[in-house]
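Contents: one structure, followed by commentary.
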Amino acid sequence: MKEASSNPRLDVAGESSTDQKESDDVKGLAAGKKQTRKKPKASRVVSNLNADQLERKRLVDRNAQRTVRQRTRDHISNLEARIEELVEEQAMLEDAERRTEALEEELRGLRLMLEKSRCEKASP
């Protein structure tokens, strides 16, 4: 039988306290219990700040918001520029498609003329 260790982090069985907690968590999950997590530490509450801290916080918040607004404006500008590029590209593609259709129609006409020419030469 194991003796209790002089290490306060080890229990009587010689397991560390974190091992024990992990073991308990696994048992709890197996029993269908919900695992609870500690809530993250709340951010600074404005009412707990002194005047200097509040002024600093407001300055930081204003700068952060200014940065977010600028980033949003930049993103919108980039999207608008991309739209212009795509509209121009679409116009070029539509023009190329019209030219292709016209050339295909011309090719069909030339092939018909060639076929007629061959038929006329073949029948004297």
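Start counting the sequence shown at 6; every next residue gets the next number (the working numbering).
Ideal placement from N, C-alpha and C gives every residue a C-beta, glycine not left out.
Bear in mind that the values here come from a model prediction, so they are computed numbers and not experimental data.
| Can you tell me the Cα-Cα spacing of residue 66 and residue 80, whole angstroms? | For the purposes of this step, residue 66 is taken as the residue at position 61 of the sequence shown. For the purposes of this step, residue 80 is taken as the residue at position 75 of the sequence shown. Cα to Cα, residue 66 sits roughly 21 angstroms from residue 80.
| request: For residue 55, name the three-state secondary structure that DSSP assigns. | output: Along the sequence shown, one-based indexing puts residue 55 at 50. Three-state DSSP puts residue 55 in coil, outside helix and strand.
| Mind checking if residue 69 is an interface residue toward chain D, Cβ cutoff 8 angstroms exclusive? | Absent from the structure: chain D. Only one protein chain is present.
| Is residue 43 helix, strand or coil when you go by DSSP? | Locating residue 43 in the sequence shown gives position 38, counting from the first residue. Reduced to three states, the DSSP call for residue 43 is coil.
| field | DSSP state of residue 82 mapped onto helix, strand, coil | value | To locate residue 82, count along the sequence shown from 1; it is residue 77. Helix, per DSSP.
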